[in-house]
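Beneath this line is the structure, given in structure tokens, with notes to follow.
Dropping the structure here:
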């Protein structure tokens, strides 16, 4: 009599393979079909793509606009810089021209000013004006439609420096010649000396020597020793130590005992601890004398 076999799962479980799934299930999963996107999903994807394309088109358009503007601006600059379109017909020079030859300065500025109203290089014009020794600063401006105004700020000389230099009021030394410069005090210093500092000493010593003739020359040698010549040709050898005290002492003695009494002095040497050596002018008394305090 035929008998149906028992449920095979217990046998499989005894062999250790009871947890395996039927192969039919795997075959069914591999054969599953993907769900097609809905209309809403397709529209969303189209909108996202369109937005990305719009962003890139805007960026490209901005680049093209900037490039076109740069090209146009360059063409405009070239067109405006053409001297034949907006030529300069007048260069007006104003300001401090006391020691400046206006005609010579105009000739100096013409090459730099030949650029038209828009094309002229005002910095080059200012630099060309400053090549003139007596020009301290040059302020250049355009005046529509065809005029260039150059305002000159001149130098003011306060002393002579060395053999051929002049000291300006700003402390700079420049080379120039002018009638009447011999009336300025002469300052002489060693290489590397600071002219402005020596001029400050000149002013200070002038105050210390009040009551005597004005200082005409002030010399400082390489060792720092000072020699002063006054307007009446009196030479004062001050040395390099305790100069202020020595000058004060001499000025006090001169005002109290020498002025109007002693013969004219040729030179005094202040390099003594308790007095100074005096030399009178040779025509009156050739001998050298020592005056004690």
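Residue numbers (the working numbering): 30 to 322. Beta carbons are placed, not taken as given, at the ideal position from N, Cα and C, and that holds for glycine.
In whole angstroms, what is the alpha-carbon distance linking residue i and residue j?
{"i": "residue 219", "j": "residue 181", "result": "33 Å"}
{"i": "residue 162", "j": "residue 225", "result": "19 Å"}
{"i": "residue 153", "j": "residue 221", "result": "31 Å"}
{"i": "residue 202", "j": "residue 136", "result": "25 Å"}
{"i": "residue 158", "j": "residue 132", "result": "12 Å"}
{"i": "residue 308", "j": "residue 294", "result": "6 Å"}
{"i": "residue 177", "j": "residue 170", "result": "6 Å"}
{"i": "residue 232", "j": "residue 119", "result": "45 Å"}
{"i": "residue 80", "j": "residue 69", "result": "17 Å"}
{"i": "residue 297", "j": "residue 283", "result": "11 Å"}
{"i": "residue 54", "j": "residue 85", "result": "Because residue 54 carries a pLDDT of 49, less than 50, the predicted location of this residue cannot be relied on, and the following value inherits that uncertainty. Rounded to the nearest angstrom, the two C-alpha atoms are 49 Å apart."}
{"i": "residue 76", "j": "residue 65", "result": "18 Å"}
{"i": "residue 250", "j": "residue 150", "result": "46 Å"}
{"i": "residue 114", "j": "residue 88", "result": "38 Å"}
{"i": "residue 67", "j": "residue 83", "result": "25 Å"}
{"i": "residue 198", "j": "residue 252", "result": "27 Å"}
If the criterion is Cβ atoms closer than 8 Å, does the pair residue i and residue j meet it?
{"i": "residue 255", "j": "residue 280", "result": "no"}
{"i": "residue 350", "j": "residue 246", "result": "Coverage of the chain is limited to positions 30 through 322, which leaves residue 350 absent and any answer about it impossible."}
{"i": "residue 204", "j": "residue 193", "result": "yes"}
{"i": "residue 210", "j": "residue 189", "result": "yes"}
{"i": "residue 266", "j": "residue 299", "result": "yes"}
{"i": "residue 146", "j": "residue 175", "result": "yes"}
{"i": "residue 196", "j": "residue 228", "result": "yes"}
{"i": "residue 142", "j": "residue 168", "result": "no"}
{"i": "residue 122", "j": "residue 134", "result": "yes"}
{"i": "residue 292", "j": "residue 310", "result": "yes"}
{"i": "residue 127", "j": "residue 183", "result": "yes"}
{"i": "residue 25", "j": "residue 287", "result": "In the structure displayed, the chain extends from 30 to 322; residue 25 sits before or after that span and is not available."}
By DSSP's criteria, residue i is part of a beta bridge. Which residues make up the other side?
{"i": "residue 309", "result": "294"}
{"i": "residue 176", "result": "119 and 172"}
{"i": "residue 228", "result": "Bridge partners of residue 228: none, in fact."}
{"i": "residue 167", "result": "181"}
{"i": "residue 186", "result": "197"}
{"i": "residue 265", "result": "257 and 297"}
{"i": "residue 124", "result": "181"}
What residue range does the alpha helix (DSSP H) around residue i cover?
{"i": "residue 238", "result": "Here residue 238 belongs to no alpha helix (DSSP H), and DSSP marks it neither H nor E."}
{"i": "residue 275", "result": "272–282"}
{"i": "residue 247", "result": "Where residue 247 is concerned, there is no enclosing alpha helix (DSSP H), although the beta strand (DSSP E) it sits in stretches over 244–249."}
{"i": "residue 148", "result": "145–148"}
{"i": "residue 207", "result": "From DSSP, residue 207 is part of no alpha helix (DSSP H); its letter is neither H nor E."}
{"i": "residue 151", "result": "151–159"}
{"i": "residue 133", "result": "131–142"}
Can you give me the start and stop residues for the beta strand (DSSP E) that residue i sits inside?
{"i": "residue 259", "result": "255–259"}
{"i": "residue 216", "result": "215–217"}
Nearest CA to the CA of residue i: which residue from the options?
{"i": "residue 124", "options": "164, 72, 237 and 275", "result": "164"}
{"i": "residue 268", "options": "236, 286, 260 and 305", "result": "305"}
{"i": "residue 261", "options": "253, 244, 252 and 74", "result": "244"}
{"i": "residue 278", "options": "263, 186 and 302", "result": "302"}
{"i": "residue 214", "options": "252, 198, 199 and 187", "result": "187"}
{"i": "residue 273", "options": "285, 263 and 230", "result": "230"}
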